[in-house]
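Per full-length UniProt numbering, residue 1 is the first one in the sequence shown, and the count goes up by one each step.
All residues carry an ideal CB built from backbone N, CA and C; glycine is no exception.
See structure below.
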Amino acid sequence: MSGSGYLERLLDGAAVEWVPLGSDTFFEVANNARRPVKASLRETGATPYYGANNIQDYVDGFTHDGEYVLIAEDGSASLENYSVQYAVGRFWANNHVHVVRGTDAVNTCFLFHLLRTVNFQPYLTGGGRAKLTKGQLVEIPIPIPCPENPQKSLAIQAEIVRILDAFTALTAELTAELTARKTQYNHYCNQLLNFDSTEVEWKTLGEIVGTIKTGKLNANAMVENGKYPFFTCDSKPFKIDTFAFDTEAIIVSGNGSQVGHINYYNGKFNAYQRTYILADCIQEMTISFLLTYLKAFLRPYIMQHSKKGSVPYITMPMLERFAVPVPSLAEQARIVAIVDKFDTLTTSLTEGLPREIALRQKQYEYYRSLLLSFPKGDQA
Numbered sequence: 001m002s003g004s005g006y007l008e009r010l011l012d013g014a015a016v017e018w019v020p021l022g023s024d025t026f027f028e029v030a031n032n033a034r035r036p037v038k039a040s041l042r043e044t045g046a047t048p049y050y051g052a053n054n055i056q057d058y059v060d061g062f063t064h065d066g067e068y069v070l071i072a073e074d075g076s077a078s079l080e081n082y083s084v085q086y087a088v089g090r091f092w093a094n095n096h097v098h099v100v101r102g103t104d105a106v107n108t109c110f111l112f113h114l115l116r117t118v119n120f121q122p123y124l125t126g127g128g129r130a131k132l133t134k135g136q137l138v139e140i141p142i143p144i145p146c147p148e149n150p151q152k153s154l155a156i157q158a159e160i161v162r163i164l165d166a167f168t169a170l171t172a173e174l175t176a177e178l179t180a181r182k183t184q185y186n187h188y189c190n191q192l193l194n195f196d197s198t199e200v201e202w203k204t205l206g207e208i209v210g211t212i213k214t215g216k217l218n219a220n221a222m223v224e225n226g227k228y229p230f231f232t233c234d235s236k237p238f239k240i241d242t243f244a245f246d247t248e249a250i251i252v253s254g255n256g257s258q259v260g261h262i263n264y265y266n267g268k269f270n271a272y273q274r275t276y277i278l279a280d281c282i283q284e285m286t287i288s289f290l291l292t293y294l295k296a297f298l299r300p301y302i303m304q305h306s307k308k309g310s311v312p313y314i315t316m317p318m319l320e321r322f323a324v325p326v327p328s329l330a331e332q333a334r335i336v337a338i339v340d341k342f343d344t345l346t347t348s349l350t351e352g353l354p355r356e357i358a359l360r361q362k363q364y365e366y367y368r369s370l371l372l373s374f375p376k377g378d379q380a
């Protein structure tokens, strides 16, 4: 199907009018009913409580009932891929989302797909916490096909929604299957890694690795386009131009919200002063098995034993005391092979379900761009 040609056939020569989102002929901005409630004051219930990016809680009561589009007022997780959500039925909206819907002349799901194509950045104000004010929101232009014939206009909108919803339904189905696979994977991996205390020898992490040390640098030592990975307590490494380590290592975040997060690297790298470097395994232990075991069980151990303050953190003795089973090298290799296969099926973007989901998402975005590329001005 040629998306652009299909849109032309749908329009069949009909005009396209661009109207602001504040036009009450076509849209309703239902912000007045929004009501923020502190987490400590919310009454638990079945109603989704929406914030800027997603459902934050489930509460008793509701602020809206119907089909709506929720657009982040502030706090969107991404400015480039701005948060636009679709809500149906009863829900509760806090004051970090704008709540809009189509009138009888506009299919609200059509509006949702359209708003996901909008570049919101020119409409944002403020610095560190960008804000989409209502005054800017209502200026966003929205195309209305065949406005002089509401019945035909709604038919065009409904056909576009039908096509795009088919893609999103397939993506949702694949995502649900992936979630189920991950649950199965986690359960099976835990069984593989669950050794009886008398079944194998156990050693502490301090006995298994010859090196447990931290980096020396401050977190702000990173540079753009550096030569080497720089591991901090973030989940992903930054870059830096100097290295302090040249080895195969497991790297553990030592404080902050990502405390206990694990990375693996083999080569030259550098590290933050609260990041722990584990290297030089004993002969009876492969680093791949140790990595697999730590990914499964170290973070829960850390969350139970970490020092609680304004920022949670771990200590060297805490890591050194962590117990690890030492099965035979052949058994270690068998377990790692199975876990790696499951991991590939649930996380790899080159094969398995994640790849299929990524492809379907790209397909959706491709046809969304074609089907919603309405002509402007003298193009119409």
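Query raised in the report: Should L193 and A296 be called a contact, given that it needs their Cβ atoms to be closer than 9 Å?
Result: Counted from its first residue, the sequence shown places residue 193 at position 193. Counted from its first residue, the sequence shown places residue 296 at position 296. Cβ distance < 9 Å, so L193 and A296 count as in contact.
Requested in this report: Identify whether G352 lies in helix, strand or coil by the three-state DSSP scheme.
Outcome: As a first step, residue 352 must be located in the sequence shown, where it is residue number 352. In the structure shown, G352 sits in a helix (DSSP, three-state: H, G or I).
Query raised in the report: Run through DSSP, which three-state label would Q283 get?
Result: What you label residue 283 is simply residue 283 of the sequence shown in a count that begins at 1. Q283: coil per DSSP, three-state reduction.
Query raised in the report: What do you get for L371, buried or exposed, if any count of 16 or more other CB atoms within 10 angstroms of its CB means buried?
Result: The sequence position of residue 371 within the sequence shown is 371, counting from 1. Classification for L371: buried.
Query raised in the report: Could you give the residue range of the alpha helix (DSSP H) that holds E67?
Result: As a working note, residue 67 is residue 67 in the sequence shown. From DSSP, E67 is part of no alpha helix (DSSP H) but of the beta strand (DSSP E) over H64 to A72.
Query raised in the report: What span of residues does the beta strand (DSSP E) with H96 cover, start to end?
Result: Locating residue 96 in the sequence shown gives position 96, counting from the first residue. No beta strand (DSSP E) holds H96; DSSP gives it neither H nor E.
Report task. For Y366, count neighbouring C-beta atoms within 10 Å of its own C-beta (all shown protein chains included) and say buried if the count is 16 or more, exposed if not. Result -> The residue given as residue 366 occupies position 366 in the sequence shown. Exposed.
**Report entry** Backbone secondary structure at R90 - three-state DSSP
**Finding:** Counting from one through the sequence shown, the residue named residue 90 turns up at place 90. If DSSP states are grouped into helix, strand and coil, R90 belongs with the strands.
Report task. Compare the C-beta of M222 against all C-beta atoms of chain D and say whether one is closer than 9 Å. Result -> Chain labels in this structure do not include chain D; a single protein chain is all it has.
Requested in this report: Output yes or no for whether 9 Å exceeds the beta carbon distance between N270 and T242.
Outcome: Counting from one through the sequence shown, the residue named residue 270 turns up at place 270. Counting from one through the sequence shown, the residue named residue 242 turns up at place 242. Contact flag set, yes.
Report task. Measure the CB-CB distance between L278 and I314 and report whether it falls below 9 Å. Result -> Here residue 278 refers to the residue found at position 278 of the sequence shown. Here residue 314 refers to the residue found at position 314 of the sequence shown. Against a cut-off of 9 Å, the Cβ pair of I314 and L278 comes out as no contact.
**Report entry** For Y293, three-class secondary structure by DSSP
**Finding:** For the purposes of this step, residue 293 is identified with residue 293 of the sequence shown, where counting begins at 1. In this structure, Y293 counts as helix in the three-state DSSP scheme.
Query - Rounded distance between the beta-carbons of P145 and F374, thought under 8 Å - result: Position 374 of the sequence shown, counting from 1, holds the residue named residue 374. Position 145 of the sequence shown, counting from 1, holds the residue named residue 145. Contact flag correct, Cβ pair sits at about 7 Å.
Requested in this report: Output the boundary residues of the alpha helix (DSSP H) element that contains S153.
Outcome: Mapped onto the sequence shown, residue 153 falls at position 153. Note, S153: alpha helix (DSSP H), P150 to L192.
**Report entry** Residue ranges of each beta strand (DSSP E) within the segment 226 to 268, 3 or longer
**Finding:** 228 to 231, 238 to 240 and 245 to 253
Query raised in the report: When you compare only the Cα positions, how much space is there between L124 and Y188?
Result: Here residue 124 is taken as the residue at index 124 of the sequence shown, counted from 1. Here residue 188 is taken as the residue at index 188 of the sequence shown, counted from 1. Roughly 47 Å separates the two Cα atoms.
Query raised in the report: Using a Cβ-Cβ cut-off of 8 Å (strictly less than) and excluding sequence neighbours within five positions of I302, which residues of its own chain qualify?
Result: As a first step, residue 302 is located in the sequence shown; it is residue number 302 there, counting from the start. Counting only Cβ-Cβ distances below 8 Å, and skipping sequence neighbours, we find V259, G260, I314 and M318.
Query raised in the report: Using the beta-carbon count (16 or more within 10 Å), is E73 buried or exposed?
Result: In the sequence shown, the residue the question calls residue 73 occupies position 73. By the neighbour-count rule (16 or more Cβ atoms within 10 Å), E73 is buried.
Requested in this report: Can you grab the Cα-Cα spacing for the pair S78 / F110, in whole Å?
Outcome: Here the question's residue 78 lines up with position 78 in the sequence shown. Here the question's residue 110 lines up with position 110 in the sequence shown. Rounded to whole angstroms, S78 to F110 spans 22 Å at the Cα level.
Query raised in the report: For H64, which option in A158, Y50, Q191 and S153 has the closest C-alpha, if you only look at C-alpha atoms?
Result: Against the sequence shown, residue 64 aligns to sequence position 64. The residue with the shortest Cα to Cα distance from H64 is Y50.
**Report entry** Collapsed DSSP secondary structure at N119 in the structure displayed
**Finding:** The residue labelled residue 119 in the question sits at position 119 within the sequence shown. N119 falls in the coil class under three-state DSSP.
Query - Three-state secondary structure assigned by DSSP to N270 - result: As a first step, residue 270 must be located in the sequence shown, where it is residue number 270. Note: N270 maps to strand in three-state DSSP.
Requested in this report: Pull up the CB-CB distance for I55 and L115, whole angstroms please, since I reckon it's below 8 Å.
Outcome: Counting from one through the sequence shown, the residue named residue 55 turns up at place 55. Counting from one through the sequence shown, the residue named residue 115 turns up at place 115. I55 to L115, Cβ: 18 Å. No contact.
Query raised in the report: What span of residues does the beta strand (DSSP E) with G45 cover, start to end?
Result: Position 45 of the sequence shown, counting from 1, holds the residue named residue 45. Counting along the chain, the beta strand (DSSP E) containing G45 begins and ends at T44 to Y50.
**Report entry** Buried or exposed by the 16-neighbour rule on C-beta atoms within 10 Å, applied to G89
**Finding:** Reading the sequence shown from its first residue, position 89 is the one you call residue 89. Its Cβ having fewer than 16 others within 10 Å, G89 is exposed.
Query raised in the report: Between which two residues does the alpha helix (DSSP H) carrying A337 extend?
Result: On the sequence shown, residue 337 is found 337 positions in, with the first residue counted as 1. Counting along the chain, the alpha helix (DSSP H) containing A337 begins and ends at L329 to T347.
Query raised in the report: Can you name, in chain order, every residue of its own chain whose Cβ lies under 7 Å from the Cβ of L154, other than the five neighbours on each side?
Result: Here residue 154 corresponds to residue number 154 of the sequence shown, with the count starting at 1. Around L154: N107.
Requested in this report: Assuming Y86 and F112 form a contact by the criterion Cβ under 8 Å, report the distance between their Cβ atoms to the nearest whole angstrom.
Outcome: Counting from 1 along the sequence shown, the entry for residue 86 is found at position 86. Counting from 1 along the sequence shown, the entry for residue 112 is found at position 112. The Cβ separation is near 5 Å, so the contact holds.
Query raised in the report: Given that a residue counts as buried once 16 or more other Cβ atoms are within 10 Å of its Cβ, and exposed if not, what is M285?
Result: The sequence position of residue 285 within the sequence shown is 285, counting from 1. Buried.
**Report entry** Residues near R34 in its chain [Cβ-Cβ closer than 8 Å; skip 5 each side]
**Finding:** Here residue 34 refers to the residue found at position 34 when the sequence shown is read from its first residue. Around R34: T63, A93, N94, N95, V97 and V99.
Query - P317: first and last residue of the uninterrupted alpha helix (DSSP H) it sits in - result: Taking the sequence shown and counting its residues from 1, one reaches residue 317 at position 317. Counting along the chain, the alpha helix (DSSP H) containing P317 begins and ends at M316 to R321.
Report task. Could you tell me the boundaries of the alpha helix (DSSP H) in which E139 lies? Result -> As a working note, residue 139 is residue 139 in the sequence shown. Looking at the DSSP string, E139 is not in any alpha helix (DSSP H), and its letter there is neither H nor E.
Query raised in the report: Bridge partners of L278, per DSSP?
Result: As a working mapping, residue 278 is identified with position 278 in the sequence shown. In the DSSP output, where bridge partners are listed per residue, L278 has I212 and I250.
Requested in this report: With a 10 Å radius around its C-beta and 16 neighbouring C-beta atoms as the bar for buried, classify G267 as buried or exposed.
Outcome: Translated into the one-based positions of the sequence shown, residue 267 becomes position 267. With fewer than 16 other Cβ atoms within 10 Å, it is exposed.
Query raised in the report: Where does P147 sit, in a helix, a strand or coil, going by DSSP?
Result: Reading the sequence shown from its first residue, position 147 is the one you call residue 147. Reduced to three states, the DSSP call for P147 is coil.
Report task. In angstroms with no decimal places, state the Cα-to-Cα distance between K182 and G206. Result -> Start at 1 with the first residue of the sequence shown, and residue 182 comes out as number 182. Start at 1 with the first residue of the sequence shown, and residue 206 comes out as number 206. Each residue's alpha carbon lies about 31 Å from the other.
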